[in-house]
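All remarks here apply to the structure that follows.
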Amino acid sequence: MQSSASLTISDLWIERGERDLCKGLSFSVQSGDVVRILGENGAGKSSLLKVIAGVLSPLEGQILYSGEDVTLDRNPLQQDAIYLGHSIGVKSLLTVAENLRWYCPDVSTSMLYSVLTQLGLIDQVDVPVKKLSAGQARRVALARLWLNKKTLWLLDEPFASLDVRGVALLEERIQQHVLLGGLVILTTHQDLLSIALRDVALLL
Numbered sequence: 019m020q021s022s023a024s025l026t027i028s029d030l031w032i033e034r035g036e037r038d039l040c041k042g043l044s045f046s047v048q049s050g051d052v053v054r055i056l057g058e059n060g061a062g063k064s065s066l067l068k069v070i071a072g073v074l075s076p077l078e079g080q081i082l083y084s085g086e087d088v089t090l091d092r093n094p095l096q097q098d099a100i101y102l103g104h105s106i107g108v109k110s111l112l113t114v115a116e117n118l119r120w121y122c123p124d125v126s127t128s129m130l131y132s133v134l135t136q137l138g139l140i141d142q143v144d145v146p147v148k149k150l151s152a153g154q155a156r157r158v159a160l161a162r163l164w165l166n167k168k169t170l171w172l173l174d175e176p177f178a179s180l181d182v183r184g185v186a187l188l189e190e191r192i193q194q195h196v197l198l199g200g201l202v203i204l205t206t207h208q209d210l211l212s213i214a215l216r217d218v219a220l221l222l
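Right under this line is the structure:
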């Protein structure tokens with residue numbers, strides 16, 4: 019993780035179909051920030067995260083990561099970022115352990131088992147994801163936030179399908195991440211009482 023990082027969005031213009039989702043959007047995120055993207059359904063919150071992650075391209079605007087222009091080449095940002103979208107992004111036929119070793123091949127067995135214990139998944143370590151509940155499968159996906167060392171987290175509705183304990187665990191993990199200098203940009207309909215958020219609204 020970088021000791022100090024920043025993300026600056028300048029005059030971003032995102033279009034879907036023939037409809038503008040945002041135009042002239044500018045904001046910045048520094049190490050230690052948790053930024054929540056606000057907007058009505060269909061306003062472009064998910065599209066904005068995908069643009070930052072490099073999954074989509076904006077019509078106009080500039081994206082700087084730690085002072086480097088990554089607008090045309092998002093690779094430097096992608097090397098230091100993790101993006102978790104609406105889809106849990108795990109392989110249903112693989113077991114919990116196999117999924118996490120696929121995404122985090124260098125993780126030690128002791129670390130893997132420690133994280134699965136924290137998330138209440140240790141008894142499912144050898145169970146195929148297709149046999150898990152929606153909440154358990156979501157926690158498998160989120161386990162990557164415990165195992166990776168990326169600085170920038172882009173999280174689209176990360177609390178979906180989580181029970182009260184799962185929400186509390188994720189809130190605590192986000193707090194730990196930003197205390198260590200991480201950056202988090204997220205969308206959520208969940209009321210977060212223990213995290214200091216800075217809101218960015220998507221308004222045309």
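Take the position in the sequence shown, starting the count at 1, then add 18; the result is the number in the numbering used here.
Backbone N, C-alpha and C fix where the C-beta goes; we use that ideal spot for every residue, glycine too.
Values in this document were obtained by computation on a predicted structure and should not be read as measured data.
key: Buried or exposed by the 16-neighbour rule on C-beta atoms within 10 Å, applied to P94   = Numbered from 1 along the sequence shown, position 76 holds the residue referred to as residue 94. Answer is exposed; the Cβ neighbour count stays below 16.
inquiry  = Once the 5 residues before and after G107 are set aside, which same chain residues still bring their CB inside 8 angstroms of it?
reply    = For the purposes of this step, residue 107 is identified with residue 89 of the sequence shown, where counting begins at 1. Within the same chain, G107 has close Cβ partners A159.
query = Since K109 contacts V53 with CB under 8 angstroms, what's their CB separation in whole angstroms?
reply = Residue 109 sits at position 91 when you count from the first residue of the sequence shown. Residue 53 sits at position 35 when you count from the first residue of the sequence shown. Between K109 and V53 a beta carbon distance of about 30 angstroms is seen, past the 8 angstroms cut, so the two are scored as non-contacting.
C-alpha gap between D51 and V202, whole angstroms = Taking the sequence shown and counting its residues from 1, one reaches residue 51 at position 33. Taking the sequence shown and counting its residues from 1, one reaches residue 202 at position 184. Here the alpha carbons of V202 and D51 stand approximately 6 angstroms from one another.
ask   = Between V196 and S65, what straight-line distance do the alpha-carbon atoms span, to the nearest angstrom?
value = Counting from one through the sequence shown, the residue named residue 196 turns up at place 178. Counting from one through the sequence shown, the residue named residue 65 turns up at place 47. Annotation: V196 to S65 spans about 24 angstroms, alpha carbon to alpha carbon.
Alpha carbon of G200 to alpha carbon of D38, nearest angstrom = Indexing the sequence shown from 1 puts residue 200 at position 182. Indexing the sequence shown from 1 puts residue 38 at position 20. Note on geometry: alpha-carbon atoms of G200 and D38 lie some 31 angstroms from one another.
message = Using DSSP's beta-bridge definition, name the partner residues of W171.
response = Residue numbering aside, residue 171 sits at position 153 when the sequence shown is read from its first letter. In the DSSP assignment, the residues bridged to W171 are I100 and V202.
message = Rounded to the nearest angstrom, what separates G184 and L137 at their Cα positions?
response = Residue numbering aside, residue 184 sits at position 166 when the sequence shown is read from its first letter. Residue numbering aside, residue 137 sits at position 119 when the sequence shown is read from its first letter. C-alpha separation (whole angstroms): 7 angstroms.
ask   = Roughly how many angstroms lie between the CA atoms of S49 and E189, to the nearest whole one?
value = On the sequence shown, position 31 is the one that residue 49 refers to. On the sequence shown, position 171 is the one that residue 189 refers to. Rounded to the nearest whole angstrom, the CA to CA distance from S49 to E189 is 17 angstroms.
task = Grab me the residues of V47's own chain with a C-beta within less than 7 angstroms of its C-beta, minus the 5 sequence neighbours each way, in chain order.
result = Along the sequence shown, one-based indexing puts residue 47 at 29. In chain order, S24, L25, V53, L201 and I203 place their CB closer than 7 angstroms to the CB of V47, counting only its own chain and leaving out the 5 sequence neighbours on each side.
ask   = To the nearest whole angstrom, what separates the beta carbons of D29 and G79, a pair I think is in contact under 8 angstroms?
value = By 1-based counting over the sequence shown, the position of residue 29 is 11. By 1-based counting over the sequence shown, the position of residue 79 is 61. Your pair D29 and G79 checks out as a contact, with CB atoms roughly 5 angstroms apart and the cut at 8 angstroms.
task = Buried or exposed for G62, please, with buried defined as at least 16 other CB atoms from any protein chain shown within 10 angstroms of its CB.
result = Within the sequence shown, numbered from 1, the residue matching residue 62 stands at position 44. With 16 or more other Cβ atoms within 10 Å, it is buried.
inquiry  = Quick check: the Cα distance between D217 and W171, rounded to an integer number of angstroms?
reply    = Position 199 of the sequence shown holds residue 217. Position 153 of the sequence shown holds residue 171. Computed Cα separation, rounded: 16 angstroms.
task = Measuring alpha carbon to alpha carbon, tell me which of M129, V69 and F177 ends up nearest L90.
result = Within the sequence shown, the letter at position 72 stands for residue 90. Closest in alpha carbon position to L90, among M129, V69 and F177, is V69.
message = With the cut-off set at 8 angstroms, would you say D181 and L102 are in Cβ contact?
response = Taking the sequence shown and counting its residues from 1, the one referred to as residue 181 is at position 163. Taking the sequence shown and counting its residues from 1, the one referred to as residue 102 is at position 84. Here D181 is not near L102, since their CB atoms are 8 angstroms or more apart.
request  = In angstroms with no decimal places, state the Cα-to-Cα distance between R156 and L134.
outcome  = Here residue 156 refers to the residue found at position 138 of the sequence shown. Here residue 134 refers to the residue found at position 116 of the sequence shown. Going by the C-alpha atoms only, they are around 13 angstroms apart.
ask   = How long is the line joining the alpha carbons of L67 and L150, rounded to whole angstroms?
value = As a position in the sequence shown, residue 67 is number 49, starting the count at 1. As a position in the sequence shown, residue 150 is number 132, starting the count at 1. The straight-line gap from Cα to Cα measures roughly 27 angstroms.
query = Which of the three DSSP states, helix, strand or coil, is assigned to T26?
reply = In the sequence shown, counting from the first residue as 1, residue 26 sits at position 8. Reduced to three states, the DSSP call for T26 is strand.
key: Three-state secondary structure (DSSP) of L188   = Your numbering for residue 188 matches position 170 in the sequence shown. In the structure shown, L188 sits in a helix (DSSP, three-state: H, G or I).
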